[in-house]
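The listed protein sequences derive, respectively, from chains A and B. With my numbering applied, the first sequence covers 1 to 248. With my numbering applied, the second sequence covers 249 to 486. Notes to accompany the following structure.
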Amino acid sequence: MNLTLKVWRQSNGQSQGRFETYAAKNIIEDMSFLEMLDVVNEELMERGQEPFAFDSDCREGICGMCSLVINGIPHGGHKGTATCQLHMRHFKDGDTITIEPWRAKAFPVIKDLVTNRSAFDRIIQAGGFVSVNTGGTPDGNAIPVPKIAADAAMDAAACIGCGACVAVCKNASAMLFVAAKASHLNLLPQGQPEKDRRALKMVQQMDEEGFGNCTVTGSCEAVCPKEISLSFIAKLNRDFGVATLKGK
Amino acid sequence: MNILKNIFTTSLGKKYVMAVTGCALVLFLVGHLAGNLQVFLGQEVINRYGHFLQSNPELIWPARFGLLTLLVLHVWSAIRLTLENRAARPVAYGVYKPIGANYASRTMFMTGLIVFTFVIYHLLHYTVRVKAINLTGQDFAAFKVPGTVGEHPQHDIYRMIIIGFRNIWVSGFYVLGIGLLCLHLSHGVSSMFQSIGWKNDSYRPLLDKIACGLAILLFLGYISIPVAVLLGFGKDIQ
Chain A
1 MNLTLKVWRQ
11 SNGQSQGRFE
21 TYAAKNIIED
31 MSFLEMLDVV
41 NEELMERGQE
51 PFAFDSDCRE
61 GICGMCSLVI
71 NGIPHGGHKG
81 TATCQLHMRH
91 FKDGDTITIE
101 PWRAKAFPVI
111 KDLVTNRSAF
121 DRIIQAGGFV
131 SVNTGGTPDG
141 NAIPVPKIAA
151 DAAMDAAACI
161 GCGACVAVCK
171 NASAMLFVAA
181 KASHLNLLPQ
191 GQPEKDRRAL
201 KMVQQMDEEG
211 FGNCTVTGSC
221 EAVCPKEISL
231 SFIAKLNRDF
241 GVATLKGK
Chain B
249 MNILKNIFTT
259 SLGKKYVMAV
269 TGCALVLFLV
279 GHLAGNLQVF
289 LGQEVINRYG
299 HFLQSNPELI
309 WPARFGLLTL
319 LVLHVWSAIR
329 LTLENRAARP
339 VAYGVYKPIG
349 ANYASRTMFM
359 TGLIVFTFVI
369 YHLLHYTVRV
379 KAINLTGQDF
389 AAFKVPGTVG
399 EHPQHDIYRM
409 IIIGFRNIWV
419 SGFYVLGIGL
429 LCLHLSHGVS
439 SMFQSIGWKN
449 DSYRPLLDKI
459 ACGLAILLFL
469 GYISIPVAVL
479 LGFGKDIQ
């Protein structure tokens, strides 16, 4: 099939960006969206033009590296699907597809469709960890973990940190990411000693990074490739509130 | 004081302020509606209720200051949060689809602003009783009935409500204001539980239904009065 692409081009973080139009010819419907972009980029290179930059790594939906707002929806809008797992069979011959980077103050554009998502790393560094003292290796089953807690923590831990929640949120809020990463540890017995500090520090860092605030629209949950539930945001609100009431 | 700092400076803290003040304002709306609906019990009942409120300044003034404080905090947090939200996305999308977000949730600030102007008009109309804005040419402050409790004549609230709502423009703005308020509540009542962290996957569907149900009930309750007046309720009143 043949498609028209409107792609955001921006040479660096300081320059003004603009949309440019490209033709994607002879696209096979079994290709992934990223493979389709590879084909277009190869043609650009053959013609001596600069290919557009976009992020990708594992291309099997588990690393969180791919991004792209496709026709106004991060990852293209198919339930539980990252851009790398989005296939061209969802598009029709002759379609025009608009492709943009994540847009948020906290995710500055590096080049074209690539944004700097280090803000997420700094939030993790602020509290998204469990401190482990040195010493002998502890017994794996020394701390009993309730099955319900383990399952819920695993649901939260499924977050791959892609940033689609920020990209889709009308406020560019990072609450779903922060809530998933804080809840993942706050639900487990191993996470209890640092629970209050974790909630406070991660929220504080999130605010400093310049993300917006959650207005519970639910769009983050709708685009999340790992289908992280909005309920984790309620849990972070609760954990932060409890820590605040303790005067911490 | 980490508690105050966390509440008034962090993103989550400001959401607590919004949720808690919103919750208290919703409770006021329920009480206010219960008071208003007494108009259907007749002139004597609603006037007695109005007199009860007016004749207890020790109760009504603290209540008014309390409501004003709630409103100020609610609006303050809304403005602060909205400014931060705008700043968080300096470059807009070329194409943007608000997937998964309903209309009410996306328009909270706008519906809130319109409701705020409506509340100011409503206070000037029925509480301060500014003659110029009631569009009837009559002075509501002069509506009196002979006192049944004290010697002084009482304010005739019944007549004020009926004459006031007989004007189609006033009733229209009232229905619009209440409609937007209830749209605001259809999202807000459920969201406040999310913001204070009192929500999980099992509560969520129920809370969403309660929010919609309460919004519809309040809408029907509030608009029943202007609609009834426009349909001829109290037509013997001049």
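Just so you know, even glycine gets a beta-carbon here, dropped at the ideal spot from N, CA and C. On a predicted model such as this, the values are computed, not experimentally measured, just so you know.
### Query
Between the region 419-451 of chain B and chain A, which residues of the former have a C-beta closer than 8 Å to a C-beta of the latter?
Residues of the region 419-451 of chain B with a C-beta atom less than 8 Å from some C-beta of chain A are His435, Ser438, Ser439, Phe441, Gln442, Ser443, Ile444, Gly445, Trp446, Lys447, Asn448, Asp449, listed in chain order.
### Partner residues on chain A for Ile255 of chain B, Cβ-Cβ distance less than 8 Å
Within 8 Å Cβ-Cβ: Thr244.
### Task
Could you name the residues of chain B that Asp112 of chain A contacts, counting a contact when the two beta carbons are closer than 9 Å?
Those do not exist, as Asp112 of chain A stays about 14 Å from chain B at its closest Cβ, beyond 9 Å.
#### Entry: Environment of Asp404 of chain B [buried if 16+ CB atoms lie within 10 Å]
buried
### Task
Please determine, among A:Ala142, A:Arg103, A:Met175, the residue with the shortest C-alpha to C-alpha distance to Gln190 of chain A.
Out of A:Ala142, A:Arg103, A:Met175, A:Ala142 has the C-alpha closest to the C-alpha of Gln190 of chain A.
### Query
Starting from Tyr351 of chain B and walking both ways along the alpha helix (DSSP H), at which residues does that stretch end?
Annotation: the continuous alpha helix (DSSP H) that includes Tyr351 of chain B extends over 351-354.
### DSSP state of Lys79 of chain A mapped onto helix, strand, coil
coil
### Task
Output yes if chain B places a C-beta closer than 9 Å to the C-beta of Glu194 of chain A; else output no.
no
### Task
Say whether chain B places a C-beta atom closer than 9 Å to the C-beta of Thr215 of chain A.
Yes, Thr215 of chain A lies at the interface with chain B (some Cβ there is under 9 Å from its Cβ).
### Message
Against Thr96 of chain A, what residues of chain B qualify as contacts under a CB-to-CB distance less than 8 Å, listed in chain order?
### Response
In chain order: nothing, as chain B lies at least about 10 Å away.
### Query
Going by DSSP, which residues form a beta bridge with Ala104 of chain A?
A:Phe107
### Query
What residues in the region 294-314 of chain B bring their beta carbon closer than 9 Å to a beta carbon of chain A?
none
### Task
Starting from the Cα of Ala389 of chain B, find the closest Cα among B:Val367, B:Gly412, B:Gly427, B:Gly461 and give me that residue.
B:Gly412
### Whole-angstrom C-beta distance between Phe467 of chain B and Ile548 of chain B, which should lie under 8 Å
For residue 548 of chain B there is no data in the structure shown, the boundaries of chain B being 249 and 486.
### Message
Using CA atoms only, rank isn't needed, just tell me which of A:Asn2, A:Met1, A:Thr21, A:Leu3 is closest to Arg9 of chain A.
### Response
A:Thr21
### Query
Buried or exposed: Ile228 of chain A, going by 16 or more other Cβ atoms within 10 Å of its Cβ?
buried
### Task
Might you give, ordered along the chain, the residues of its own chain that have their beta carbon closer than 7 Å to the beta carbon of Val393 of chain B, omitting 5 neighbours on each side?
Asn295, Pro401, Gln402, Asp404
### CA nearest to the CA of Val437 of chain B, picked from B:Ile444, B:Ala459, B:Leu315, B:Asp449
B:Ala459
### Task
Closer than 6 Å by C-beta to Cys430 of chain B: which residues in its own chain qualify, once you throw out the five before and the five after it? Chain order, please.
Ala463, Leu466, Phe467
### Query
Cβ of Tyr374 of chain B less than 9 Å from any chain A Cβ?
no
### Query
Can you find a C-beta in chain B that's less than 9 Å from the C-beta of Phe211 of chain A?
Phe211 of chain A counts as touching chain B.
### Message
Within 9 Å of any Cβ in chain B, is that where the Cβ of Lys170 of chain A sits?
### Response
yes
### Query
Excluding five sequence neighbours on each side, which residues of the same chain lie with their C-beta closer than 6 Å to the C-beta of Phe441 of chain B?
Lys447, Leu455
#### Entry: Rounded straight-line distance, which links the Cα of Asn213 of chain A to that of Trp324 of chain B
In this model, Trp324 of chain B and Asn213 of chain A are separated by some 15 Å (Cα to Cα).
### Query
On the three-state DSSP scale, how would you describe Ser32 of chain A?
strand
### Query
How many angstroms separate the CA atom of Val477 of chain B from the CA atom of Asn71 of chain A?
50 Å
### Message
If you reduce the DSSP assignment to three classes, tell me which class Ile368 of chain B lands in.
### Response
helix
### Query
Does Gly261 of chain B come within less than 9 Å of chain A when only Cβ atoms are used?
yes
### Task
Starting from Leu3 of chain A, follow the beta strand (DSSP E) in both directions and report where the run begins and ends.
3-9
### Task
Under 8 Å between beta-carbons, which chain A residues line up against Met356 of chain B? List them in chain order, please.
Thr215
### Task
Write down every uninterrupted run of the alpha helix (DSSP H) in the region 309-359 of chain B whose length is 4 residues or greater and which is fully enclosed by it, in chain order.
351-354
### Query
Just to confirm, does Ser219 of chain A get its C-beta within under 8 Å of one of the non-hydrogen atoms of the ligand ZN?
Among the components of this structure there are no ligands whatsoever, and the ligand ZN is therefore not found.
### Task
Thinking Ser219 of chain A and Ile255 of chain B are a contact (beta carbons under 8 Å), I'd like their distance in whole angstroms, please.
Rounded, the Cβ-Cβ distance is 27 Å, inconsistent with contact.
### Message
Can you list, in chain order, the residues of its chain with a C-beta nearer than 7 Å to that of Thr359 of chain B? Leave out the 5 residues immediately preceding and following it.
### Response
Leu428, Leu431, His432
### Query
Does any residue of chain A bring its CB to less than 9 Å from the CB of Ile368 of chain B?
no
### Message
If you reduce the DSSP assignment to three classes, tell me which class Glu209 of chain A lands in.
### Response
coil
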